Amino acid sequence: MGEVLAIAEQKDGKIRPVANEVVTAAAVLAKGLGGSAHALVLGGTGVGERAGDLGNFGAEVVHVAEDPALESCVPEIYAAVIAEAVGSRGYAAVLFSATSLGKDLAPRVAALIDAPLASDVTRLEIESGRPVAVRPVYGGKALARIGFETSPAVLSLRPNAFGTNGSRAAGRTEPFTPVIPDAVGTRIVDFQAAETGSVDVAEAGIIVSGGRGMKGPEHWHLLEELRDALGPGTALGASRAVVDAGWRSHGEQVGQTGKTVAPKLYFAVGISGAVQHLAGMRTSQTIVAINKDPDAPIFALADYGIVGDAFEILPRLSAEISALRSEG
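All the letters of the sequence shown, read from the start, carry residue numbers 9 to 336 under the numbering used here.
Following this line, the structure appears as structure tokens:
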């Protein structure tokens, strides 16, 4: 059977954009396997109201589990519920998004159902009627092709690597009533909300990232001014060195151990271009690099490069962009 299950993430009762991407990938894979794509949404009461929209991205059936115990993601509970859903059908593959949540859940589910796992997948293929996962290794310097001898294959897909296709009709929703585990070792104590109005770097259309070349957190206001000049939908990003130094939060880190991004426009300011960072942003549509070192590796990947002092360039760039936007 060639059915593929996509685990669709939600937040505060709303389907996240990454869910559309993983459902699209599931639909493409299922078509190649001669089957259909299903989606699974877990959440509190009311989460299923918009779940049918996942059909627009290829889910023939959207299974919805609504329960107060699922309102917040307790990993042990979510993993047990997903494993129960997977066990009810003969899926060829189970797809997660390789977000922080997906990276937590995918190996738990794989262990519970005794299935093979491939993480951070950037491409899916089919060989001899089975899925094949392609993922970067050695910091993105090489690609590994991973085949599976048993089903289902559990895969976590790198966000922004597959894209979406929203041309289909709304899908059929079906309620799923799982067995909720009574006792687990984890409970949600509190949530630390992101800064009001901030844009998640993984979902932003434009990103302004800073590296060690910014010389300290006291200069970050220059990047913030550029972000504000570029307008809504622009997020701040940071290199690993910056996050390790404590200048910015881990939520802004772009790179192999941070978030993978694919914005329309990416500014790399004071970032040399280490392999770890490039692995997280090389899929950006247009890359603008600002660095005083003309031999910085980032220039080999950039579409546009400015060699010079960022402290002099950024204010002028922000002013020019603000002027252009005011004219428009």
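Ideal placement from N, C-alpha and C gives every residue a C-beta, glycine not left out. No experiment lies behind these values; they were computed from the predicted model shown.
For residue i, which of helix, strand or coil comes out of DSSP?
{"i": "V89", "result": "helix"}
{"i": "Q264", "result": "coil"}
{"i": "G245", "result": "strand"}
{"i": "K22", "result": "strand"}
{"i": "I188", "result": "coil"}
{"i": "A118", "result": "helix"}
{"i": "A308", "result": "helix"}
{"i": "G51", "result": "strand"}
{"i": "V251", "result": "helix"}
{"i": "P144", "result": "strand"}
{"i": "G155", "result": "strand"}
{"i": "A210", "result": "coil"}
{"i": "R138", "result": "strand"}
{"i": "A100", "result": "coil"}
{"i": "A77", "result": "helix"}
Going by Cα to Cα distance, which pick from the options is closest to residue i?
{"i": "A169", "options": "I314, R290, G254, E157", "result": "R290"}
{"i": "T32", "options": "V197, D122, G171, I134", "result": "G171"}
{"i": "R333", "options": "L238, I321, L325, E260", "result": "L238"}
{"i": "K39", "options": "A67, L62, V55, D61", "result": "A67"}
{"i": "I281", "options": "A310, G266, G259", "result": "One point to set straight first is that residue 281 is Gly, not Ile, in the sequence displayed. The shortest C-alpha separation from G281 is found at A310."}
{"i": "F319", "options": "C81, V117, R256, E226", "result": "E226"}
{"i": "V142", "options": "P160, R166, D122, V296", "result": "R166"}
{"i": "G221", "options": "T130, G155, V315", "result": "V315"}
{"i": "R138", "options": "E182, G155, L125, R131", "result": "G155"}
{"i": "K111", "options": "A304, I329, G266", "result": "G266"}
{"i": "D198", "options": "P25, K22, A308, S80", "result": "S80"}
{"i": "E211", "options": "V187, I329, G245, T158", "result": "G245"}
{"i": "R235", "options": "L78, S330, Y146, A45", "result": "S330"}
May I ask you to list the residues that DSSP assigns as paired with residue i?
{"i": "Y274", "result": "I215, I295"}
{"i": "S127", "result": "DSSP lists no partner for S127."}
{"i": "R333", "result": "Answer is none; R333 lacks a bridge partner."}
{"i": "E182", "result": "H71"}
{"i": "S105", "result": "L165"}
{"i": "V315", "result": "N299"}
{"i": "A16", "result": "V49"}
{"i": "L62", "result": "Answer by DSSP bridge pairing: none, since L62 is not bridged."}
{"i": "L132", "result": "A141"}
{"i": "A150", "result": "V145"}
How big is the Cα-Cα spacing for residue i and residue j?
{"i": "F275", "j": "V140", "result": "34 Å"}
{"i": "Q18", "j": "G52", "result": "10 Å"}
{"i": "V30", "j": "A101", "result": "12 Å"}
{"i": "E11", "j": "I85", "result": "24 Å"}
{"i": "A114", "j": "T194", "result": "17 Å"}
{"i": "A150", "j": "V69", "result": "36 Å"}
{"i": "D233", "j": "D128", "result": "With the sequence shown as reference, residue 233 is identified as Glu, and Asp is not the correct amino acid for it. Roughly 33 Å between the two C-alpha positions."}
{"i": "V72", "j": "E133", "result": "28 Å"}
{"i": "I214", "j": "G224", "result": "23 Å"}
{"i": "A249", "j": "L230", "result": "18 Å"}
{"i": "S206", "j": "D61", "result": "26 Å"}
{"i": "D75", "j": "T242", "result": "35 Å"}
{"i": "A118", "j": "L125", "result": "6 Å"}
{"i": "D20", "j": "E135", "result": "39 Å"}
{"i": "R324", "j": "V216", "result": "15 Å"}
{"i": "L50", "j": "F65", "result": "18 Å"}
{"i": "K300", "j": "A93", "result": "54 Å"}
{"i": "E260", "j": "E182", "result": "37 Å"}
{"i": "E57", "j": "G43", "result": "26 Å"}
{"i": "P305", "j": "G313", "result": "11 Å"}
{"i": "P55", "j": "R24", "result": "The sequence shown places Val at residue 55, not Pro. Their Cα atoms are separated by approximately 12 Å."}
{"i": "V263", "j": "I196", "result": "Inspection of the sequence shows that residue 263 is occupied by Gly rather than by Val. Approximately 28 Å between the Cα atoms of the pair."}
{"i": "R256", "j": "S96", "result": "44 Å"}
{"i": "T130", "j": "F184", "result": "30 Å"}
{"i": "V296", "j": "P271", "result": "12 Å"}
I think residue i touches residue j, with their Cβ atoms under 8 Å apart; what is that distance to the nearest whole Å?
{"i": "A88", "j": "P189", "result": "5 Å"}
{"i": "G98", "j": "G179", "result": "With a Cβ gap of about 20 Å, G98 and G179 do not count as contacting."}
{"i": "A35", "j": "A16", "result": "So it is not a contact: roughly 12 Å between Cβ atoms."}
{"i": "V277", "j": "I298", "result": "5 Å"}
{"i": "V162", "j": "A123", "result": "5 Å"}
{"i": "I279", "j": "G219", "result": "3 Å"}
{"i": "T294", "j": "L273", "result": "5 Å"}
{"i": "L41", "j": "L103", "result": "The pair is not a contact, with the Cβ atoms about 12 Å apart (cut-off 8 Å)."}
{"i": "S105", "j": "V209", "result": "With 8 Å as the limit, S105 and V209 do not qualify as a contact, their Cβ atoms being about 15 Å apart."}
{"i": "G174", "j": "V283", "result": "Contact doesn't hold; Cβ gap of about 34 Å is too wide."}
Going by the C-beta, is residue i closer than 7 Å to any heavy atom of the ligand GTP?
{"i": "V283", "result": "Inclusion of the ligand GTP in the displayed structure is not the case, the ligand content being empty and no account of it being possible."}
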